[in-house]
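Just below is one structure, and these are the notes that go with it.
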Amino acid sequence: MSSSPLAALTAAGFRRGELLALAIGPGGELGLAWTSGSWAGELDPAALAAVEAELRPRWTCWSVDPLRELVRRDLRVATCWELAAVHRLLFGGWRADPALSWAALHDLPASGLPESGQLDLLGPAGDEGVDPEQPVRPDGYLRPEWTAGGWAANPDRLTRWAALALAGAELQQQRLATLKVLGNAPATARSESTAELLGAELGEDGLPVNLATAEQLIGSIIGPRPATAAEAAAQRERRDREVLSLVSGDYDLRSPGSVKALLARIGIEVPDTRSWRLEAFREVHPAVAALLAWRKAERIATTYGYDWLDRHVGPDGRLRGQWTGSDGAAGRMTASAGLHNLPAELRPAVAADPGWVLVRADLGQIEPRVLAAVSRDRELARASADADLYAPVAERLGVPRPTAKVAVLAAMYGGTSGNAAAALQGLDAAYPVAMRYLRQAYDAGRAGRSVRTYGGRLVRMWATPDGLSFEEERANSAARGRFARNAVIQGAAAELFKVWAVTIRARATALDARVVLCLHDEVLVHAPEPVAAEAQRLVADCLIEAVRRWAPDDAVHFVADLSVVKRWSEAK
DNA sequence: TCGGTCACGTA
DNA sequence: CGTACGTGACCGAG
């Protein structure tokens, strides 16, 4: 194996765009496998860059780990096939390791999965006298010794492990091809895979943050950075006193029980002490307003304070977290390090580098538009032609716009707010196709049946727990119904969003721009200032391209709000 | 030390 | 009887 990967692939007749599986060992050893060959050797980024440039393969792997290794070595590949992401799409749930994924693709029950520790003690389950270099046991499950890390033991195993990923990917493709959903499941598998790759890049690149601004913002809320633990304690005590000085008695503001006692002392009886509930008592006693202000500051101090800054923002001014391409429920992207719940007050600190800009874009009213698309409701699709979808809906229903909006949201999420009942009936009459779609998801969930999103993601329902009262059982079913109804909308929206995001990722490289944040329906792109206008146009064009690839037809109109800014907070 | 609960930020 | 996520503090059980 002295030749380069590119030479080996070319000699074997590898065609552009084919699946090329890779496995990377802990020491940077590389195994490659494709339909007509394999290769093992040291991971040389330049050699793989040559493969990418020449053959643009679909890099195929069991998990996002090898992709992350490539990203770490500054190798940005165009496309991939990530088996874990596709497993979650096909089979639902969160767990998606090779052992489970392989078993599922062979219709073997998860309950029969061999465990690594017990195997030798209990004796082999059809494993005796069989070649240990063979990763698949006679009973069809993967050998635990391999899945526990043994796959990286030597070059031969590395290529076999890659070949197994290749075989798994092909089985996944067969399943996707026969999946009965309205959307394009194979295409969803590709965009979901690439979203994992995007997540790896987001984790490596980070979100540009102006450290001085961040320090200043935090300082204005909780005071200057304490030099010692004693100073920090003093600051904390000073914050507490702002509230406690307004009441008599000693209370622990961090303990809900104690806060409840404090409130009782000033004549306020509440079932819990959540801010929205206390909001109503703001005028009753000055301590309430002080407590609400304390809560805000405490949130910054504990979750988004100097500690957070030190832990998650590097000296290069990049906020880095761990990204996943899809959560366990409907398939949204998730991020740690506060990237998805950064308080609005801190957003001025998210700023482009000097000479750069942020292109910010968010999808407008994505959920009702997605509902129109996935349910194929022609009438609701007609409403999507309006930049404000709720306006034609309101007109059709003969109600004020706010009522129409509440009714649509209530239909999708089961909202309770006031008297949406009449408007809901109007929706049933005006948009029966969309409403039937929602009802079917709700009924499936209530009955405990799993649902699939438009793009094919299986959303599993949980079983009713034992020993519930009649009332609890009903509440459980209703919760499942709401969950399912929400999942088919939120999940489909997440699928469209990811198509958009990975399209931007692919196109933006031409401008030297990069996606730096994905936030469910919003995307931030860091772009060189001279190409700001082009980058903005690119993001808009990518939405058109994404919708064309994702939607069943062109009946539904999607809109994005776009702006070029220096700071995230400047937008909108 | 751990899981459950409360609370709260984002979409 | 909106849903989803990540985070951090407290609290009671072990």
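Counting with the working numbering, you get residues 496 to 1067 for the letters of the first sequence. Glycine included, C-beta positions come from ideal geometry on N, C-alpha and C.
Closest residue to residue i among the options (Cα-Cα distance)
i, options, result
"A796", "R720, A824 and T555", "R720"
"A844", "K1061, E968 and R969", "K1061"
"T829", "T819, L837, G823 and N836", "T819"
"E691", "E564, R638, A759 and Y949", "E564"
"A846", "A989, A502 and A709", "A709"
"P552", "R510, A535 and A542", "R510"
"G850", "V1026, V625 and L595", "V1026"
"N705", "I713, E699 and G698", "I713"
"A1046", "L991, P751 and L1033", "L991"
Beta carbon of residue i nearer than 9 Å to that of residue j
i, j, result
"A832", "L814", "yes"
"A1035", "A856", "yes"
"A925", "W995", "no"
"L787", "E778", "no"
"G986", "R827", "yes"
"G809", "G701", "yes"
"L933", "V901", "no"
"A514", "W529", "First, the residue type needs correcting, since residue 514 is Leu and not Ala in the sequence shown. Cβ atoms of L514 and W529: closer than 9 Å."
"G976", "Y937", "yes"
"S876", "A1050", "The sequence as given places Ala at residue 876; Ser does not occur at that position. Result yes, Cβ atoms of A876 and A1050 sit closer than 9 Å."
"G823", "L834", "no"
"C734", "W771", "Sequence inspection shows Arg at residue 734; the Cys mentioned does not correspond to that position. Cβ distance not < 9 Å, so R734 and W771 don't count as in contact."
"G526", "E537", "no"
C-alpha gap between residue i and residue j, whole angstroms
i, j, result
"L674", "A684", "12 Å"
"A573", "G893", "49 Å"
"S498", "Y636", "34 Å"
"W576", "R931", "35 Å"
"V559", "A518", "11 Å"
"L804", "V566", "24 Å"
"P766", "A792", "23 Å"
"G812", "L837", "16 Å"
"Q613", "V631", "Low local confidence applies: a pLDDT of 49 at Q613 is under 50, so the model's placement there is unreliable, and no value is given."
"L616", "R652", "Any reading at L616 is ruled out, since the residue's pLDDT is 44, under 50, leaving its predicted position unreliable."
"G678", "E640", "39 Å"
"T654", "A648", "11 Å"
"A785", "L757", "12 Å"
"W1063", "A535", "45 Å"
"Y908", "V1054", "22 Å"
"Q711", "G800", "11 Å"
"V1059", "V854", "5 Å"
"Y746", "A942", "47 Å"
"S715", "L841", "11 Å"
"R952", "A825", "8 Å"
"L858", "A599", "36 Å"
"G940", "V742", "49 Å"
"A867", "K993", "19 Å"
"A707", "T723", "20 Å"
"H1052", "L1014", "21 Å"
"R670", "H582", "10 Å"
"D872", "Q668", "30 Å"
"A1001", "V1010", "10 Å"
"R891", "D802", "53 Å"
"D1048", "R969", "39 Å"
"S531", "G962", "56 Å"
"A878", "L697", "36 Å"
"L608", "A594", "7 Å"
"W656", "D1016", "37 Å"
Expected contact under 8 Å - CB spacing of residue i and residue j to nearest Å
i, j, result
"R605", "A591", "Checking the sequence, you will find Ala at residue 605 rather than Arg. Contact flag wrong, Cβ pair sits at about 12 Å."
"L584", "E732", "Rounded, the Cβ-Cβ distance is 51 Å, inconsistent with contact."
"R944", "M956", "6 Å"
"L1057", "Q1031", "5 Å"
"A1003", "V852", "Not confirmed; about 13 Å, so no contact."
"A1005", "V1020", "That pair is no contact at about 13 Å."
"S611", "A643", "5 Å"
"A973", "V954", "A973 to V954, Cβ: 17 Å. No contact."
"P863", "V928", "That belief does not hold up - the Cβ atoms of P863 and V928 are roughly 13 Å apart, past 8 Å."
Residue i - partner residues in DSSP beta bridges
i, result
"S743", "Note: S743 sits in no beta bridge, so no partner."
"R855", "L1019 and S1058"
"S831", "BP columns for S831 are empty, so no partner."
"A846", "R1062"
"A535", "G526"
"C575", "W554"
"C1013", "V1018"
"T797", "Bridge partners of T797: none, in fact."
"P703", "R813"
"R947", "L953"
Distance cut-off 8 Å: residue i Cβ against heavy atoms of the ligand SAM
i, result
"Q668", "Absent from the structure shown: the ligand SAM. Ligands present: none."
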